[in-house]
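Here is the structure we will look at, set down as C-alpha cells.
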Amino acid sequence: MTSSAGPPPSGGDSEQQRVRLLAVTACPTGIAHTYMAAEKLAQAAASRGIDMKVETQGSIGAENILDDNDVNTADGIIVAADKDVDLSRFVGKRVLTVGVAEGIHHPERLIERVRSAPVHTAGATPAASASGGGKERSVGYKALMNGVSYMIPFVVVGGLLIAISLSLGGHTDPSGGLVIPKDSFWMDINNIGVIGFTLMVPILSGYIAYAIGDRPALVPGVIGGWIANTGSLYDSKAGAGFIGAIVTGFLAGYLVLWIKKVKVPKFVQPIMPIIVIPIVATTALGLFFIYVIGKPISWVFEHLTDWLSGMTGTSAILLGAILGLMIAFDMGGPVNKTAFLFGAGLIATGNQTVMGMCAAAIPVMPLGQGLATLIRRRLYTEQERETGLAALFMGCFGISEGAIPFAAARPAQVIPANMLGGAVAGAVAGVAGVEDAVPHGGPIVAVLGAVSGVPMFFVAVLIGTAVTALTTVTLVDISERRRKGEAPTPGLGVTEPGAAGPLEPALVGVGSGAAAGGAAGAVVAQRIVASSSAPATEAAPAGASKTADLDSGAGEKTGAGAEADGVPAADRKVLSGYLTAQTVKVALDARDKEAAVREMAQLLARSGKVADVDELVAAALRREAQGTTGLGEEIAIPHAKTDAVTAPVVGFARSAEGVEWGSLDGTKARLVFMISVPEAAAGDEHLRILALLSRKLMDPGFRERLIAAPDERGVLDVLSEIR
Numbered sequence: 144m145t146s147s148a149g150p151p152p153s154g155g156d157s158e159q160q161r162v163r164l165l166a167v168t169a170c171p172t173g174i175a176h177t178y179m180a181a182e183k184l185a186q187a188a189a190s191r192g193i194d195m196k197v198e199t200q201g202s203i204g205a206e207n208i209l210d211d212n213d214v215n216t217a218d219g220i221i222v223a224a225d226k227d228v229d230l231s232r233f234v235g236k237r238v239l240t241v242g243v244a245e246g247i248h249h250p251e252r253l254i255e256r257v258r259s260a261p262v263h264t265a266g267a268t269p270a271a272s273a274s275g276g277g278k279e280r281s282v283g284y285k286a287l288m289n290g291v292s293y294m295i296p297f298v299v300v301g302g303l304l305i306a307i308s309l310s311l312g313g314h315t316d317p318s319g320g321l322v323i324p325k326d327s328f329w330m331d332i333n334n335i336g337v338i339g340f341t342l343m344v345p346i347l348s349g350y351i352a353y354a355i356g357d358r359p360a361l362v363p364g365v366i367g368g369w370i371a372n373t374g375s376l377y378d379s380k381a382g383a384g385f386i387g388a389i390v391t392g393f394l395a396g397y398l399v400l401w402i403k404k405v406k407v408p409k410f411v412q413p414i415m416p417i418i419v420i421p422i423v424a425t426t427a428l429g430l431f432f433i434y435v436i437g438k439p440i441s442w443v444f445e446h447l448t449d450w451l452s453g454m455t456g457t458s459a460i461l462l463g464a465i466l467g468l469m470i471a472f473d474m475g476g477p478v479n480k481t482a483f484l485f486g487a488g489l490i491a492t493g494n495q496t497v498m499g500m501c502a503a504a505i506p507v508m509p510l511g512q513g514l515a516t517l518i519r520r521r522l523y524t525e526q527e528r529e530t531g532l533a534a535l536f537m538g539c540f541g542i543s544e545g546a547i548p549f550a551a552a553r554p555a556q557v558i559p560a561n562m563l564g565g566a567v568a569g570a571v572a573g574v575a576g577v578e579d580a581v582p583h584g585g586p587i588v589a590v591l592g593a594v595s596g597v598p599m600f601f602v603a604v605l606i607g608t609a610v611t612a613l614t615t616v617t618l619v620d621i622s623e624r625r626r627k628g629e630a631p632t633p634g635l636g637v638t639e640p641g642a643a644g645p646l647e648p649a650l651v652g653v654g655s656g657a658a659a660g661g662a663a664g665a666v667v668a669q670r671i672v673a674s675s676s677a678p679a680t681e682a683a684p685a686g687a688s689k690t691a692d693l694d695s696g697a698g699e700k701t702g703a704g705a706e707a708d709g710v711p712a713a714d715r716k717v718l719s720g721y722l723t724a725q726t727v728k729v730a731l732d733a734r735d736k737e738a739a740v741r742e743m744a745q746l747l748a749r750s751g752k753v754a755d756v757d758e759l760v761a762a763a764l765r766r767e768a769q770g771t772t773g774l775g776e777e778i779a780i781p782h783a784k785t786d787a788v789t790a791p792v793v794g795f796a797r798s799a800e801g802v803e804w805g806s807l808d809g810t811k812a813r814l815v816f817m818i819s820v821p822e823a824a825a826g827d828e829h830l831r832i833l834a835l836l837s838r839k840l841m842d843p844g845f846r847e848r849l850i851a852a853p854d855e856r857g858v859l860d861v862l863s864e865i866r
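So the mapping is simple: this note's numbering equals the position in the sequence shown, first residue as 1, plus 143.
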C-alpha cells in the first residue's frame, strides 16, 4: 500500500524535502500481522508527512512490490518480518530489520530509527531492533520450519508416486521381494518417485541453510544434505537421513555466516557470495561430514548390526520391541537401515520372523502421524493435515518416510511417539510369530500374500498406529498448553511457539486506550486463523489491494452514501454475499455467551446455508473452550469450521448491554460477528473474509457507526462498506 501523506509542508521545495520511506512486512502465519503492520507503518508515516510504500509478503506472493525506482529514491527501508526477506535489493540504503510485532506496536519509533540505521552492504547483517515489543522467533526454529516447508512437497510427490507404482505395478517375487517389472510403465513412475525421495533430504538441508545464511548458503546446504544421505561416500551402508540433513543444514548456514564476517579486499567482495563463499563452504562441509561425522555413522551401523546378530536367540517380544524402536527412530537413517537390513538379510537363511517384526513397525509412523492429524485437527495447520492424509496413504504401502515432515517439525514430540508405537507393533508381531517373506513392510505386503499370520500382522499394525497417534496428540497438546501459558508479547499477547511446536498463533487480547484502537482488526484475523489451523505460511487475500482502496474512503460513508451505486443498502451483499440482510440483527437478546452463540447460529440459519444448527453451536462452543473469541474493544467473533454449514456464511448482531465474553480487556461484547465455513471452503476464501474484517475493524469510526446505526438497515449500510 502507498499511504497518502496528507497536506505537504509549506514551501516551494516541499517535494524535494519530503522524506520517502519503504517497508516490507511479512509473517509466517495468519494474515493479521502482515497487514496490520503495513497499515500501522503507513498511518504513522502519513501523520508525519512522510511518503511510505509498504510491500506485503504472503504465501501467494508479494503485493505492492517495491521496484528499483522505489528503492533508488528511498531514504530508508524498514523490514518488519518474522520470515526471511531478500535484502540484496536494498544494498546501499539504510535498512532496519525488526520483528513484525515491532511494526504493529512501535511504528513511530521505527520511522525515527530508520533514518540513522546503518547502510546495508552486500552480505552484511542488517540492523536489528534492540528494544522490546515482542519476542522474535529464534533463528534456529524459523530455519527448521523453512526447510520442512520446502521438503514437504518432495515427500508427498515422491511417496505417493512410489505407492501408486507399487499398488498397481508391483507383485511379490520369492527371489526379489516386492518388485515392479523392469521396462514397465510403472517402473518409470516408481523411478520418478524415487527421484523425489532422493531430493527430499538435500532440500531440507539446503533451505535450513538458506534461512540462516541467505543465498550463498543454499548450495553448501543442498550438497551437504546429499552427502549426508549418501552413505557410500563415507563407507556406510545407510545415509544419515533427515537427521543428518538437519545437521548439515545448520552447519552450512552458520559456516556461511562466519565466512561472511571475514574481511576481504574490496575487489574480491563482488564475487564472495556467488563464487568464494559457496565453494569454500561446500568443500569444507563436505569433507567435514565425510571424514569426521561420517565415520561415527558407519561405526554405529556396523556395531548395531553386530549387536542385533547376537540377539537372535533372545525373547521374541524383546527383539521385536528393539527392532520397532530402531525402525521408528530415524526413518531411513542408519538406525532404521540397520534394523531393516538385518531383517532382510535373515530372509535368505529361512528366518522370516525378524522381517515380520520390521514389516509391522514400518508403516506405524506415517499411519500414526496421519491418524493424529485426524483425531486432533486443531493442533495442526492446514498444510500438516494435508500432509497427514498423504502419510496415511504412504503408510499403507510401507513408506515410513511419510512421517518425516512431522518428525522434523516436532522432533521432541513425534520421534518418541513413533518409537513407542513401533516398539509395540514389533513386539506384538514377535509374540504372534508373524513372518514376512519379502524385504518390505506395510499392509501392502500382506495384501499381496507375502505375510504369514495376516490377522495378527494387522493387529500389530493397528495397535502400534493407535499408540503412536494417541501419544503424539498428547505430547503436542501438552506442548501447546505450555506455549499458551507463556507470558504474552507486550501489547499484542501472542505467545511464542515452542521450538517443537507448529507456527500457529496463540489467542490474543487487545489493550484499551488509543494505542489499541487499531489492534482489534488484526486480532480478529489472528484469532480466527489460530483456531482454524491455517497454513504455516501466511496467505495474502485475493483482492487485497481492492480492499485497501475501499478502506481509504469508506470511513466517511453515511447511510445515504451507501446507496451511491443505485443498490438499496438492504439488498446489498456484504463480504461476497456471505453476510446479507437475513443474517443481520440489531438487538441480540442473549445475556450470556452460550445463549449468544446459539442465537447467532439461528441467525445464520436464516440464510438457508446451515444444515445442522445444533452441530454448528457445538462446533462454535468447542472453539470457545480452546480460548475466548472475545477480542476486546467490545468485539467478539465466534466462529466454526464445520460441515454443519453448506457454504460460507457470516452474521452480525449488536447487543445493547453487552455479553460477557471473557475478553482480556474486560469489555463486554456489543459487536458480535459469527463466521462459519465448511471444511472444504476454509482456504483462501476464509482468509479473504478475515482480511476484509480485520482492515475495517481497525477503524474506530467504523465501530462507532455500527453501534450508532438505528436499525437493521442502518447496520447494513455500515457493513456494506466491507462488501
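Glycine residues also receive a C-beta, built at the ideal position from the N, C-alpha and C atoms.
- At a Cβ-Cβ threshold of 8 Å, Val507 and Ala471 count as neighbours.
- DSSP, read as helix, strand or coil, puts Ile221 in strand.
- Note: Ile818 is bridge-paired with His782, Val793 in the DSSP secondary-structure output.
- Pairing Tyr350 with Phe444, the inter-Cα distance amounts to about 28 Å.
- For Gly773, the secondary structure class from DSSP, reduced to helix, strand or coil, is strand.
- Between Gly486 and Cys501 a beta carbon distance of about 4 Å is seen, short of the 8 Å cut, so the two are scored as contacting.
- Three or more Cβ pairs closer than 8 Å define a contact, and the stretch 420 to 427 meets that threshold against the stretch 389 to 400.
- Sorting Asp225, Asn479, Leu303, Val197 by C-alpha distance to the C-alpha of Ile254 places Val197 at the top.
- For the 8 Å CB-CB criterion, Gly356 and Leu400 form a contact.
- Membership of Thr496 in the alpha helix (DSSP H) is indicated by the continuous run 496 to 504.
- The three-state reading of DSSP puts His314 in strand, counting E and B together.
- Nearest C-alpha to Asn212 among Leu165, Val581, Leu514: Leu165.
- According to the DSSP assignment, Val167 belongs to the beta strand (DSSP E) that extends over 163 to 169.
- Sequence-distant Cβ neighbours of Ile295 in its own chain, meaning closer than 6 Å and more than five residues away, are Thr530, Pro548.
- In the three-state reduction of the DSSP assignment, Gly302 falls in the helix class.
- Under a 10 Å Cβ-count criterion, Lys403 is classified as buried, with 16 or more other Cβ atoms of the shown protein chains found around its own Cβ.
- A direct Cα-Cα distance of roughly 12 Å separates Asp210 from Val167.
- Counting C-beta pairs closer than 8 Å gives fewer than three between the stretch 798 to 810 and the stretch 752 to 763, which falls short of the contact rule.
- Linking Ala504 to Leu287 through their CA atoms gives a straight-line distance of about 27 Å.
- In this structure, Ala779 is the residue among Ala779, Leu722, Trp369, Glu822 with its C-alpha nearest to the C-alpha of Val802.
- Contact annotation, Ala306 with Phe600: C-beta distance approximately 19 Å; criterion of less than 8 Å not satisfied.
- According to DSSP, residue pairing for Thr199 in a beta bridge involves Thr168, Glu206.
- By a beta-carbon distance limit of 8 Å, Phe385 contacts Ala551. Their separation comes to about 6 Å.
- Under DSSP, the beta-bridge partners assigned to Lys728 are Ala796.
- Beta-bridge analysis with DSSP links Ser595 to Glu578.
- Counting along the chain, the unbroken beta strand (DSSP E) around Leu239 starts and ends at 238 to 241.
- At a cut-off of 4 residues, the continuous stretches assigned as alpha helix (DSSP H) that sit fully inside the stretch 467 to 552 are 477 to 490, 496 to 504, 507 to 518, 525 to 539, 547 to 552.
- Here DSSP, grouped into helix, strand and coil, assigns Arg749 to coil.
- Between Gly387 and Gly301, the C-beta gap is not smaller than 8 Å, which leaves the two residues out of contact.
- As computed with DSSP, Val322 is found in a beta bridge with His314.
- Per DSSP, the continuous alpha helix (DSSP H) segment holding Leu447 begins and ends at 437 to 452.
- The residue among Ile389, Lys480, Ala546 with its C-alpha nearest the C-alpha of His583 is Lys480.
- Annotation: the continuous alpha helix (DSSP H) that includes Val423 extends over 420 to 431.
- By the Cβ-count criterion, Asp842 is buried, with 16 or more other Cβ atoms from all chains shown falling within 10 Å of its own Cβ.
- Rounded to the nearest whole angstrom, the C-alpha separation of Arg797 and Ala739 is 11 Å.
- Between Gly493 and Gly538, the CB-CB gap reaches or exceeds 8 Å.
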